[in-house]
Amino acid sequence: MPNYKKIKGLIELLRPELPFAAGISVIIGEIITLGKLPSLSELFLGFMWGFLLSGSAMILNDFFDIEVDKINAPNRPLPSGLVSSNTAIVFTIIISLLGLVISFFINKAAILLYIIFWFIGFLYNWKLKEKGLLGNLFVSSSVAVTIILGAIAVGNPWNEAVLIFSLMLFVFDLGEEIAADAMDIEGDKKRNIKSIAILIGRQKALNISFLLFMIYIILSFIPVILNLFGISYLIIISLTNSMILIWGIKLIKSSTIKEGRIYVRRLYLSGLLGFLLIIISMIVI
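Using the numbering used here, the letters of the sequence shown map in sequence onto residues 36 to 320.
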C-alpha cells in the first residue's frame, strides 16, 4: 500500500492532464503540417517529446513551490509528505533524460528546442515565476512551441495553419496562467511573486484573463476565413468556444477561490477538448 501511494503521488506531481495536452499539441502540429495522420513512430515520438518536457516542468513547479503549496495546496504530494523532495529530484532527472533521448530520435531541431525550453521551465520555476507577467509569458511561449515542434518533427515549421494555432495556444494559455495566479494570491505572497493579481487585484486580473480568452475565440476563426479549414472545424470551434465563453463569464463572476479554480479547470478542459476534436476531424473527415 505505501508503494501504491507513492506511485499515486508521483503521478499527481506530473499533473498528467497538462503533459498530455502538450503531447497532443505536438501531434496537432504534425497532422496540420502533413494534412494526414503521421506514422506511428512520428506520433509516439512527438507525443512523448511534449509529454516529458511538460512533465519535468510540472515536477519542478511543485519542488520550488513546496512552501507556497503548504498554503495554497497542502494536499499536494510534496507538502503532504507523500513524496520526498529527494524523490522528486530523482523523478525530474529521469523524466528529463527520457525526453532528451526521445529528442535524439526526432531531429537536431527537436534536441535544441528540448534543451532550450527545459531550461526556460527550470528558470521559470526557480526565479522567473516571481516576476509575474514575464514568467507567464515564458510559460505560454513554452506551451505554444509544442505545436511548432510537431511541424518541425515532420519537416515544415513555417506552415501557416501551425503558426496560427501556435498563437491561439499562446493566448489561451496566457489567459489560463493569469487566472490561475488569481487563485493563488495568499501563497504567492509568501514567495514574493509579483503576479498580476497581486499587483492590480484579483478581479482586474480575472478581467484581463477573460479578455485573452475572447481574443483566443476571435483568433480561432482565422483558419476558416483563410480557407485553411472547413465546416467540421467551424462546428467544433463554435461548440468549444461557447463553452469557453460560458466558463469565462462564470470565472469573472466567481466569488470564492474554490469556485474560481473549478472554472479555470473547466476552461482548460474545454480548450483541450477542442484540440482533440480537431485532431479527430482531420483524421476521419
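Ideal placement from N, C-alpha and C gives every residue a C-beta, glycine not left out.
**Message:** Restricting to Cα atoms, I'd like to know which of Phe245, Ile315, Asp219, Leu95 is closest to Thr291.
**Reply:** Position 256 of the sequence shown, counted from the start, is the residue given in the question as residue 291. Nearest C-alpha to Thr291: Asp219.
**Request:** Measure how close the beta-carbons of Ser255 and Ile272 come, nearest whole angstrom, since I'm counting them as under 8 Å.
**Result:** One-based indexing of the sequence shown puts residue 255 at position 220. One-based indexing of the sequence shown puts residue 272 at position 237. With a Cβ gap of about 5 Å, Ser255 and Ile272 count as contacting.
**Asked** From Gly170 to Ser267, what distance separates their C-alpha atoms?
**Response** Here residue 170 refers to the residue found at position 135 of the sequence shown. Here residue 267 refers to the residue found at position 232 of the sequence shown. Spanning the two alpha carbons is a distance of roughly 36 Å.
**Request:** Please work out which residues of its chain come closer than 7 Å, Cβ to Cβ, to Trp161, disregarding the five sequence neighbours upstream and downstream, and give them in chain order.
**Result:** On the sequence shown, residue 161 is found 126 positions in, with the first residue counted as 1. For Trp161, where only same-chain residues beyond five positions count, the Cβ hits under 7 Å are Phe99.
**Asked** Which one of Ile183, Glu212, Thr127 has the shortest CA to CA distance from Lys164?
**Response** Mapped onto the sequence shown, residue 164 falls at position 129. With distances taken between Cα atoms, Lys164 lies closest to Glu212.
**Prompt:** By the 10 Å Cβ neighbour count, where 16 or more other Cβ atoms means buried, how is Phe264 classified, buried or exposed?
**Reply:** Here residue 264 corresponds to residue number 229 of the sequence shown, with the count starting at 1. The residue in question, Phe264, is buried, as its Cβ has 16 or more Cβ neighbours within 10 Å.
**Message:** Extract the residue ranges of the alpha helix (DSSP H) inside the region 143 to 178, only unbroken runs of 4 or more that lie entirely within it.
**Reply:** 143 to 161
**Request:** Jot down the residue ranges of each uninterrupted alpha helix (DSSP H) in the region 287 to 312, minimum 4 residues, whole runs only, in chain order.
**Result:** none
**Prompt:** Taking the alpha-carbon positions, what's the Ser120 to Leu113 distance?
**Reply:** If you number the sequence shown from 1, residue 120 lands on position 85. If you number the sequence shown from 1, residue 113 lands on position 78. Their backbone Cα atoms lie some 7 Å apart in a straight line.
**Asked** Mapping DSSP to helix, strand and coil, what is Ser244?
**Response** Position 209 of the sequence shown, counting from 1, holds the residue named residue 244. Helix.
**Message:** Rounded to whole angstroms, what is the Cα-Cα separation between Phe157 and Pro54?
**Reply:** Residue mapping note: residue 157 aligns to position 122 of the sequence shown, counting from 1. Residue mapping note: residue 54 aligns to position 19 of the sequence shown, counting from 1. The alpha-carbon atoms of Phe157 and Pro54 are separated by roughly 16 Å.
**Asked** Since Val85 contacts Val61 with CB under 8 Å, what's their CB separation in whole angstroms?
**Response** What you label residue 85 is simply residue 50 of the sequence shown in a count that begins at 1. What you label residue 61 is simply residue 26 of the sequence shown in a count that begins at 1. With the sequence shown as reference, residue 85 is identified as Gly, and Val is not the correct amino acid for it. Right, the Cβ-Cβ distance comes to about 4 Å (below 8 Å), so this counts as a contact.
**Prompt:** Closest Cβ-Cβ distance between Ala108 and chain E: below 8 Å?
**Reply:** The structure shown contains no chain E; it is built from a single protein chain.
**Request:** Would you identify the three-state DSSP class for Asn96, choosing helix, strand or coil?
**Result:** Taking the first residue of the sequence shown as 1, we reach residue 96 at position 61. Helix at Asn96.
**Prompt:** Skipping 5 residues on each side, what residues in its chain have a beta carbon closer than 7 Å to that of Ala144?
**Reply:** Here residue 144 refers to the residue found at position 109 when the sequence shown is read from its first residue. Excluding positions up to five away in sequence, the list reads Ile187.
**Prompt:** Hey, how far is the Cα of Ile297 from the Cα of Ile281?
**Reply:** For the purposes of this step, residue 297 is taken as residue 262 along the sequence shown, with counting starting at 1. For the purposes of this step, residue 281 is taken as residue 246 along the sequence shown, with counting starting at 1. Rounded to the nearest angstrom, the two C-alpha atoms are 13 Å apart.
**Cutoff 7 Å; reference Ala315; Cβ partners in own chain excluding five residues on either side** = What you label residue 315 is simply residue 280 of the sequence shown in a count that begins at 1. In the sequence on display, residue 315 carries Ile and not Ala. The answer is none, since no qualifying residue turns up.
**Prompt:** Under a three-way DSSP split, which group does Gly210 fall into?
**Reply:** Against the sequence shown, residue 210 aligns to sequence position 175. If DSSP states are grouped into helix, strand and coil, Gly210 belongs with the helices.
**Request:** Evaluate the contact criterion for the region 116 to 131 versus the region 188 to 197: three or more CB pairs, one atom per stretch, below 8 Å.
**Result:** no
**Message:** Alpha carbons only, please: which of Ser115, Ile137, Leu135, Ile94 is nearest the one belonging to Val125?
**Reply:** By 1-based counting over the sequence shown, the position of residue 125 is 90. Of Ser115, Ile137, Leu135, Ile94, the residue nearest in Cα terms is Ile94.
**Request:** Quick one: measure Cβ to Cβ for Ile284 and Phe200, integer angstroms, because I've assumed they're closer than 8 Å.
**Result:** On the sequence shown, residue 284 is found 249 positions in, with the first residue counted as 1. On the sequence shown, residue 200 is found 165 positions in, with the first residue counted as 1. The pair is not a contact, with the Cβ atoms about 25 Å apart (cut-off 8 Å).
**Prompt:** How long is the line joining the alpha carbons of Asn142 and Leu172, rounded to whole angstroms?
**Reply:** Counting from one through the sequence shown, the residue named residue 142 turns up at place 107. Counting from one through the sequence shown, the residue named residue 172 turns up at place 137. Computed Cα separation, rounded: 26 Å.
**Message:** If you measure between the beta carbons of Ile67 and Leu168, is that distance less than 8 Å?
**Reply:** Along the sequence shown, one-based indexing puts residue 67 at 32. Along the sequence shown, one-based indexing puts residue 168 at 133. In this structure, Leu168 does not lie closer than 8 Å to Ile67 by Cβ.
**Message:** By the three-class DSSP mapping on this structure, what secondary structure does Ala43 have?
**Reply:** To locate residue 43, count along the sequence shown from 1; it is residue 8. The sequence as given places Lys at residue 43; Ala does not occur at that position. If DSSP states are grouped into helix, strand and coil, Lys43 belongs with the helices.
**Prompt:** For Asp219, which three-state DSSP category applies?
**Reply:** By 1-based counting over the sequence shown, the position of residue 219 is 184. Coil.
**Request:** Consult DSSP for Pro258 and reduce its assignment to one of helix, strand or coil.
**Result:** Sequence index remark: in the sequence shown, residue 258 carries index 223 (1-based). Note: Pro258 maps to helix in three-state DSSP.
**Asked** According to the neighbour-count rule (16 or more other Cβ atoms, all chains shown, within 10 Å of its Cβ), is Met36 buried or exposed?
**Response** As a first step, residue 36 must be located in the sequence shown, where it is residue number 1. In this predicted model, Met36 has a pLDDT of only 44, less than 50, meaning its place in the structure is not dependable enough to derive any value.
**Message:** Just to check my reading of the structure: Phe248 and Phe207 have Cβ atoms closer than 8 Å, yes? What is that Cβ distance to the nearest angstrom?
**Reply:** The residue given as residue 248 occupies position 213 in the sequence shown. The residue given as residue 207 occupies position 172 in the sequence shown. Confirmed, Cβ separation roughly 7 Å.
**Prompt:** Under a Cβ-count criterion, where at least 16 other Cβ atoms within 10 Å of its own Cβ denotes burial, should Tyr39 be classed as buried or exposed?
**Reply:** Taking the sequence shown and counting its residues from 1, one reaches residue 39 at position 4. Under this definition Tyr39 is an exposed residue.
**Prompt:** Going by Cα to Cα distance, which pick from Phe140, Leu135, Lys166 is closest to Phe152?
**Reply:** The count along the sequence shown starts at 1 and reaches residue 152 at position 117. Nearest C-alpha to Phe152: Leu135.
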